[in-house]
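Read through the structure below, which is laid out as structure tokens, and then see the notes.
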Amino acid sequence: MGMTMTQKILAAHAGLDKVADGQLIAAKLDIVLGNDITTPVAVNEFKKAGFDKVFDQDRVAIVLDHFVPNKDIKAAEQSKICREFAGSHCISHFYDVGKMGIEHVLLPEQGIVTAGDCIIGADSHTCTYGALGAFSTGVGSTDMAAGMATGKAWFKVPSAIKFNLTGKLPPNCSGKDVILTIIGSIGVDGALYKSMEFTGDGVHGLSMDDRLCICNMAIEAGAKNGIFPVDDVTMGYLNGRSERTPVVFEADTDAEYERIIDIDLATIVPTVACPHLPENTCPASELHDIEIDQVVIGSCTNGRIEDMEAAYNILRGKEVAAGIRCIIIPGTMQILRECVERGWYTAFIDAGAVVSTPTCGPCLGGYMGILAAGERCLATTNRNFVGRMGHVASEVYLASPHTAAASALAGYITEYKGV
Amino acid sequence: MNTRGKVFKYPDNVDTDVIIPARFLNTPDAKELALHCMEDIDPEFVKKVQTGDVIVGGWNFGCGSSREHAPLVIKTCGIGCVIAKSFARIFYRNSINIGFPILECAEAAEEIDADDEVEVNFNTGVITNLTTGKTYKAQPFPPFIQNIIKSGGLLKSLRESENNG
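For the record, the sequence lines run as chains A and B. Heads up: the first sequence begins at 0 in numbering that gives the first Met the number 0, then just goes up one per residue. Heads up: the second sequence begins at 0 in numbering that gives the first Met the number 0, then just goes up one per residue.
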């Protein structure tokens, strides 16, 4: 029996010819990532255990993105712990205010992660980098500390669900609608402990931003990782960007999957996840009279250039509905700069939206768009749990940038029907 | 190793945002964070919890964010063990890595009620509901993971294996 793409990457990093579902392995890590919330806990564990140096200063990435620019004194103290640790260990991939971005938008953009990598990050959405053909998964702070110290992590080799994609997405849909549809169909634990391997001819028509968005929310189906095969789109993205040489792995033709799910991308419709679980999905067209108070376009799920472009194409020359607070958050400084240079930033302001520097802020109820009791937000973020964006009695609906921008203009949840 | 105490029972898909809301994550201090444990799902929890008590959840306990603060605050509150039908994988991993015992047992998680008195033996995986007298057997951890928990967490076990090697 052959191996899945994920299993082949894990075997290579464990120095084994073959691994099987359920096997416990120790794998070498290419990148160990942490942010301003998880790194302080990792630093504490690292020091407590008596470690005094990281395994490789070029293989650790620390990105301040959740609560920066510092939202309060305590957050400032946490950032300071990260800065001091990064400084004293000469961490080359340390990103602070002015250079930072939302970690999962930033690392691919900067070429820090690449095809064939084995990556852990103390942030659940680390599964994003599977879009590049890497094995990448979210872990906790102790794993980050151990990874920084030893360059290794333990894994239980996962089985996989194969998603066979065919056809082409309709123009008002994006990767977000694909992944929300999948989560709605298999549930928030539908891929628990498993890999989600995306394959089929439909893959080639998906942009890198679509793929990053799809893999980003694999965790919302409980998955260990999501992964795409490496094709021309991947190599086009990695060439001239990747710091290290990409390594291409392919699933064996006789690899075994727990389940194979066929998806015709042409049948995807603008989809919304209703409170309070990402699996509570329905077509946007079936939601009527759901008035909103706030729209957030951004996050590690949808803060990329194509997301900004979708928002621009819908908002330009129009005005956000009265009473709607529309918050747009480009994912990195480079994306923010492109928004400025292309005139999108001005168009957003003219439409009555506000544009923030990169931050995870409102997605996790940190700051920069917190909801009061009874308020409702339509967001391009990834979670709509109870209290996720603020008060326990507030509500978050999840959707694509197209749906979010169209809804900001309407004042209620609606699908984007095109020009 | 065992724990004995009263049960706090919660539904399916308890996420890490309700276990410890992100608005409090501006500090890494476990004791300070523990004051807000389960606040958004059960505001009474921190007032009632006593050392040795047990949380019983449904499917996919601990889903969502990778914050290790979640098992850490539950442990810091004095909870001796979490029993659930299944765990989200990062929560499961984090619990092992900080040396906090969790047990997967669908039957026990289904039948045990809130406020029941239970005793859990981590070495055998036997869960006894002292209120009803019924016992359950959870799947034991593989030896590799048992070693991590026995050492008191991943980093301590790494240090031990370094010293032995």
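Glycine included, each C-beta is placed from N, C-alpha and C at the ideal position. If you're wondering where the values come from, they're calculated on a predicted model, not measured in any experiment.
Report yes if the C-beta distance between residue i and residue j is below 7 Å; otherwise report no.
i	j	result
Ala403 (chain A)	Leu377 (chain A)	yes
Thr165 (chain A)	Asp263 (chain A)	yes
Ser123 (chain A)	Ile218 (chain A)	yes
Asn34 (chain A)	Val62 (chain A)	yes
Gly386 (chain A)	Ile326 (chain A)	no
Glu278 (chain A)	Val339 (chain A)	no
Glu414 (chain A)	Pro269 (chain A)	yes
Val391 (chain A)	Asp114 (chain B)	no
Asp52 (chain B)	Gly4 (chain B)	yes
Ile24 (chain A)	Ala11 (chain A)	no
Gly189 (chain A)	Ala220 (chain A)	yes
Asn12 (chain B)	Cys62 (chain B)	yes
Ser399 (chain A)	Asp209 (chain A)	no
Ile144 (chain B)	Ile95 (chain B)	yes
Asn93 (chain B)	Ile111 (chain B)	no
Taking only beta-carbon atoms, is residue i less than 7 Å away from chain B?
i	result
Phe84 (chain A)	no
Tyr128 (chain A)	no
Asp188 (chain A)	yes
Lys167 (chain A)	no
Thr141 (chain A)	yes
Pro361 (chain A)	no
Ser91 (chain A)	no
Pro39 (chain A)	yes
Lys73 (chain A)	yes
What are the residues that DSSP puts in a beta bridge with residue i?
i	result
Gln293 (chain A)	A:Arg324 and A:Cys376
Ala26 (chain A)	A:Ala152
Ser158 (chain A)	Bridge partners of Ser158 (chain A): none, in fact.
Ala60 (chain A)	A:Leu32 and A:His92
Thr50 (chain B)	In DSSP, Thr50 (chain B) forms no bridge with anything.
Pro100 (chain A)	Correcting the residue type first, residue 100 (chain A) is Gly in the shown sequence and not Pro. Its beta-bridge partners are A:Thr331.
Pro282 (chain A)	A:Thr270
Ile260 (chain A)	A:Phe162
Ser250 (chain A)	First, the residue type needs correcting, since residue 250 (chain A) is Ala and not Ser in the sequence shown. In DSSP, Ala250 (chain A) forms no bridge with anything.
Thr127 (chain B)	B:Glu118 and B:Thr134
Thr136 (chain A)	A:Ile119
Thr2 (chain B)	B:Val119
Asp14 (chain B)	B:Cys62
Met367 (chain A)	DSSP output for Met367 (chain A) lists no bridge partner at all.
Determine, using beta carbons only, whether residue i comes closer than 7 Å to chain A.
i	result
Phe143 (chain B)	yes
Val17 (chain B)	yes
Ile82 (chain B)	no
Glu110 (chain B)	no
Pro42 (chain B)	no
Arg22 (chain B)	yes
Asp114 (chain B)	no
Ser64 (chain B)	yes
Thr26 (chain B)	yes
Leu102 (chain B)	no
Ile95 (chain B)	no
Asn59 (chain B)	yes
My assumption, with CB atoms under 8 Å, is that residue i sits in contact with residue j. Please give the rounded CB distance.
i	j	result
Pro357 (chain A)	Thr331 (chain A)	6 Å
Ile291 (chain A)	Ile323 (chain A)	7 Å
Ala41 (chain A)	Ala121 (chain A)	6 Å
Phe197 (chain A)	Gly225 (chain A)	7 Å
Tyr91 (chain B)	Ile78 (chain B)	At roughly 16 Å, the Cβ-Cβ gap does not stay under 8 Å, so Tyr91 (chain B) and Ile78 (chain B) are not in contact.
Lys46 (chain A)	Gly150 (chain A)	So it is not a contact: roughly 18 Å between Cβ atoms.
Leu314 (chain A)	Ala350 (chain A)	4 Å
Ala299 (chain A)	Asn171 (chain A)	It should be noted that the sequence gives Cys, not Ala, for residue 299 (chain A). Incorrect: roughly 23 Å between the Cβ atoms, too far for contact.
Ser241 (chain A)	Thr38 (chain A)	With a Cβ gap of about 24 Å, Ser241 (chain A) and Thr38 (chain A) do not count as contacting.
Cα separation between residue i and residue j?
i	j	result
Ile296 (chain A)	Arg158 (chain B)	45 Å
Lys223 (chain A)	His92 (chain A)	25 Å
Gly21 (chain A)	Lys317 (chain A)	54 Å
Pro361 (chain A)	Leu15 (chain A)	43 Å
Ile334 (chain A)	Gly365 (chain A)	22 Å
Gly86 (chain A)	Ile82 (chain B)	41 Å
Gly302 (chain A)	Glu394 (chain A)	21 Å
Phe227 (chain A)	Val246 (chain A)	13 Å
Glu305 (chain A)	Thr345 (chain A)	17 Å
Val18 (chain A)	Leu9 (chain A)	8 Å
Leu205 (chain A)	Val6 (chain B)	48 Å
Ser158 (chain A)	Phe84 (chain A)	37 Å
Cys81 (chain A)	Ile260 (chain A)	42 Å
Ile118 (chain A)	Cys126 (chain A)	9 Å
Ile267 (chain A)	Arg336 (chain A)	32 Å
Met143 (chain A)	Glu161 (chain B)	18 Å
Asp28 (chain B)	Asn43 (chain A)	10 Å
Got a sec: does the ligand MN put a non-hydrogen atom nearer than 6 Å to the Cβ of residue i?
i	result
Cys36 (chain B)	As far as ligands go, the structure on display features none, and thus does not contain the ligand MN.
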